[in-house]
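Residue numbers (this note's numbering): 38 to 375. Report on the following structure.
Dropping the structure here:
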């Protein structure tokens, strides 16, 4: 069969997808691969269908096969990186995004994706550079603007972050994740009313986003509305039963009402459901243990705060003293928290 026929079949399959006829589209893609098992466009499209269905492992296999047969398509490498990122393999995802940018240094989706990866991996200056380039190429790209805001926030420039998030929301007011990011930024600035309005918009656009319900709970905690806060944390857990921030929120609600046994129960669940980064939840649990009278365990667990990314973030100041001799030296004492 001629190449043009396969292209026509792919076009027909995509039309079926747009019309919601998934099974018919799958049948056409399988017909194409029966004729040419190495036809990269069909392999790619099937991989993205699997990704949309939540079948991450199958999607990775198909997209890796795609890039093996067609190594010069930057969009294929970018989409492989997206799926690898969803799997949690950030190193492999970054490699795929870099390959895409090697083929097309101005591919905006790849610049945005690698910027997001670099934020997660703590390489903030490189993230800012990639995302700034994406915005230069596509000033109206709301995802680039929002990611640039997150990079600025990680860099300590919270006002620039707020301005970028507001611009992103102006460009794309129907993107729920942008309103959620904006709500988070307002929360960082302790602008609770503004955060409440932003998170409400996020929930209107996406009622099943557990992060938004959980954030709404924390906002209500700061308003002292504990009953509503508890309801919102529970709603988040109905959507995602292993969501650690909501267990931590329930712990806070109970701690602030002196229901210490319940607080300890929920903080234990928060730690259990966040094995990769439990330190914030451990530091909060330490306060609950101290309030309960468990002094030794509480003070030992309080050391978890020193492992937090932002625990001692004194930019431009001398490094932390670790017991070295102080002869002819100065020791700068600064507040660690509070």
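Note that the Cβ used here is the ideal one computed from N, Cα and C, for glycine as well.
| Asked | Found |
| --- | --- |
| Cβ neighbours of residue 350 in the same chain (closer than 8 angstroms, five flanking residues each side left out) | A caution first: residue 350 carries a pLDDT of 48, below 50, which makes its placement in the model unreliable, though a value can still be read off. Contacts found: 193. |
| Segment contact flag, the region 280-289 with the region 302-309, C-beta cutoff 8 angstroms, min 3 pairs | yes |
| Validate contact between the region 284-295 and the region 322-339 using beta carbons, cut 8 angstroms, 3 pairs | yes |
| 7 angstroms CB neighbourhood of residue 111 in its chain, flanking five on each side removed | 137, 140, 141, 144, 147 |
| Simplified DSSP assignment, three categories, for residue 109 | coil |
| Straight-line gap, residue 332 to residue 319 (C-alpha atoms, nearest Å) | 14 angstroms |
| Pairwise C-alpha distance: residue 249 and residue 261 | 18 angstroms |
| Close Cβ partners of residue 229 (< 8 angstroms) along its chain, the five nearest in sequence each way excluded | 223, 256, 259, 260 |
| Distance between beta carbons of residue 264 and residue 287, contact taken as under 8 angstroms | In fact, because the Cβ distance is near 12 angstroms, the residues do not count as touching under 8 angstroms. |
| Cβ-based neighbour list, residue 354, same chain, cut-off 6 angstroms, excluding 5 preceding and 5 following | Because the pLDDT at residue 354 is just 46, under 50, the model does not fix this residue reliably, and the value given afterwards should be weighed accordingly. Around residue 354: no qualifying Cβ. |
| CA-to-CA distance, residue 268 to residue 297, given in whole angstroms | 19 angstroms |
| Which listed residue (72, 75, 108, 114) has its alpha carbon closest to that of residue 85 | 114 |
| Own chain partners of residue 38 with C-beta closer than 8 angstroms, once the 5 adjacent residues on each side are dropped | At residue 38 the pLDDT is 43, less than 50, meaning the model places this residue with poor confidence and gives no usable figure here. |
| CA-to-CA distance, residue 80 to residue 49, given in whole angstroms | 15 angstroms |
| Rounded Cβ spacing between residue 68 and residue 46 (contact assumed at less than 8 angstroms) | 7 angstroms |
| For residue 209 and residue 169, the rounded distance between their alpha carbons | 18 angstroms |
| Option in 226, 359, 316 with minimal Cα separation from residue 343 | 316 |
| Assigned exposure category for residue 21 - 16 Cβ within 10 Å defines buried | Only positions 38 to 375 of the chain appear in the structure, and residue 21 is not among them; the question remains open. |
| Classification of residue 131 by the beta-carbon crowding that lies within 10 angstroms, buried from 16 upward | buried |
| Proximity below 8 angstroms, CB of residue 251 to CB of residue 273 | yes |
| DSSP three-state assignment for residue 342, whether helix, strand or coil | helix |
| Cβ-based neighbour list, residue 348, same chain, cut-off 6 angstroms, excluding 5 preceding and 5 following | A caution first: residue 348 carries a pLDDT of 47, below 50, which makes its placement in the model too unreliable to give a value. |
| Residues of its chain near residue 253, where Cβ-Cβ distance is below 6 angstroms and the 5 sequence neighbours each way are ignored | 236, 269 |
| Boundaries (first-last residue) of the alpha helix (DSSP H) holding residue 170 | 161-174 |
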